[in-house]
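Residue numbering for the sequence shown follows my numbering, beginning at 547 and increasing consecutively. Below is one structure, written out as structure tokens; comments come after it.
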Amino acid sequence: MSDQPVHVGVGPGERPRGLWDDAWDELKRRPIFWISASLIVLFVLMAAFPSLFTRVDPSAADLSRSMEPPSAEHWFGLDRQGRDVFARTIHGARASIVVGLAATLVTTLLGGLLGLVAAHLGGWTDTLVSRFGEILLGLPFVLGAIIILTTFAGAQSGAGPVLIITLVVGTLTLLSWPLVARIARSSVYSVKQADYVQAARALGAGPFRIMFRHLLPNALAPVIVYGSLMVATFISAEATLSFLGVGLRPPVVSWGVAISEAGSYIRQAFFLTAFPTAFLCVTVLAFVMLGDAVRDALDPKLR
């Protein structure tokens, strides 16, 4: 018999399976993952390449045909200014999804980094990050966003789409990073006293190597799960703020802007709000389903 050690569950030349391998195998068996992922891919394509779905200019207006109902020529009808609702719904996906993805990316990076540093360094750094985050968490989300965006309303007046979207993304990030920082901080605290971390410290590993090589991979899973759910939250928040008149505004075309512009005419022409609202709800639902599937796959206790 051979004297070589045998590794149970790992064949010759194979690497040991990790959390992400098991999570992917779990995701592949879930229909809800494929359904939500397919819907998200569709909406991302809609946002990136709207010309694949419509050739109509969303800003082209014909006042003589104001609020015409849906027809074979204009599937979703025309709005108050005679603009094609289908074209505006398709093109509106870009701003809404860009706000959701950009705010999630910046919030995850900022909150995750601050939570990681605070938990690893501890002391006054942890206290400062925690207390400042608690101040922002004590401010109601919608009220805080209204105050911030109203303060910068003058900067949005006459501004281009990029500046308007940047202000909304910055506002959502400012009010949301403390939650991500708390999640990352809690995850790091749960593993910072683990044997492998202590061994790395005893071998002379510096603080940056410990943070990014040993602590970050173990704090990443819960942050990713929360990030997948944040996209849906931010898309809904953009629509809410735009409906209130403080979020995105013309010349930006978004689902929230379309719903806001049609809100006063819902009784005369319900289709003006029905179609943008339907696209918004399906997108939010898709990201929520994806977040639930990722959470179940990454948490062994839920399998």
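Yeah, the Cβ is synthetic: ideal placement off N, Cα and C, and Gly gets one too. Computed from a predicted model, the values in this text were never measured in an experiment.
| task | State the start and end residues of the unbroken alpha helix (DSSP H) segment that holds Leu790. | result | Residue 790 sits at position 244 when you count from the first residue of the sequence shown. It is not in any alpha helix (DSSP H) - Leu790 carries neither H nor E in the DSSP assignment.
| Expected contact under 8 angstroms - CB spacing of His664 and Ala746 to nearest Å | Within the sequence shown, numbered from 1, the residue matching residue 664 stands at position 118. Within the sequence shown, numbered from 1, the residue matching residue 746 stands at position 200. A small fix is needed here, since residue 664 is Ala in this sequence, not His. With 8 angstroms as the limit, Ala664 and Ala746 do not qualify as a contact, their Cβ atoms being about 20 angstroms apart.
| task | Pull up the distance between the alpha-carbon of Asp549 and that of Asp741, whole angstroms please. | result | On the sequence shown, position 3 is the one that residue 549 refers to. On the sequence shown, position 195 is the one that residue 741 refers to. Only weak support is given to the placement of Asp549: the predicted model assigns it a pLDDT of 47, under 50, and the value that follows is read from those uncertain coordinates. About 30 angstroms.
| field | Close beta carbons around Pro724, own chain, < 6 angstroms, minus the five adjacent residues each side | value | For the purposes of this step, residue 724 is taken as the residue at position 178 of the sequence shown. Hits under 6 angstroms: Gly679, Leu682, Leu683.
| message | Per the DSSP calculation, Asp842 is bridged to which residue(s)? | response | Here residue 842 is taken as the residue at index 296 of the sequence shown, counted from 1. According to DSSP, Asp842 bridges with nothing at all.
| field | Leu585, DSSP secondary structure in three states | value | Counting from 1 along the sequence shown, the entry for residue 585 is found at position 39. DSSP places Leu585 in helix when its eight states are reduced to three.
| Do Glu614 and Leu598 have their CB atoms nearer than 7 angstroms? | Residue 614 sits at position 68 when you count from the first residue of the sequence shown. Residue 598 sits at position 52 when you count from the first residue of the sequence shown. The answer is no: Cβ separation not under 7 angstroms.
| query | Which residues in the same chain have their Cβ closer than 8 angstroms to the Cβ of Val645, if we skip the five residues on either side of it in sequence? | reply | Residue 645 sits at position 99 when you count from the first residue of the sequence shown. Taken in chain order, the residues that qualify are Ile711, Val714, Val715, Leu718, Phe780, Ile781, Glu784, Leu794, Ser800.
| message | Short of 8 angstroms in beta carbon distance, which residues of its chain neighbour Lys738, apart from the five on each side in sequence? Order them along the chain. | response | By 1-based counting over the sequence shown, the position of residue 738 is 192. Hits under 8 angstroms: Ala665, His666, Leu761.
| Burial state of Ala778 (16 or more Cβ within 10 Å) | The residue given as residue 778 occupies position 232 in the sequence shown. Flag for Ala778 reads buried.
| field | Extent of the continuous alpha helix (DSSP H) to which His620 belongs | value | As a position in the sequence shown, residue 620 is number 74, starting the count at 1. Taken as a continuous stretch (DSSP letters only), His620 belongs to no alpha helix (DSSP H), as it is neither H nor E.
| said: Since Val792 and Ala641 should fall inside the 8 angstroms C-beta cutoff, what is the C-beta to C-beta distance between them, to a whole number of angstroms? | reply: The residue given as residue 792 occupies position 246 in the sequence shown. The residue given as residue 641 occupies position 95 in the sequence shown. Actually they are not in contact, since the Cβ atoms of Val792 and Ala641 sit about 15 angstroms apart, beyond 8 angstroms.
| Do the CB positions of Arg639 and Leu844 come within less than 7 angstroms of each other? | To locate residue 639, count along the sequence shown from 1; it is residue 93. To locate residue 844, count along the sequence shown from 1; it is residue 298. Looking at the sequence provided, one finds Ala at residue 639 rather than Arg. No. Outside cutoff.
| Is the Cβ-Cβ distance between Arg626 and Ser610 less than 7 angstroms? | Along the sequence shown, read from residue 1 onward, the residue named residue 626 stands at position 80. Along the sequence shown, read from residue 1 onward, the residue named residue 610 stands at position 64. No, these two residues do not count as a Cβ contact at 7 angstroms.
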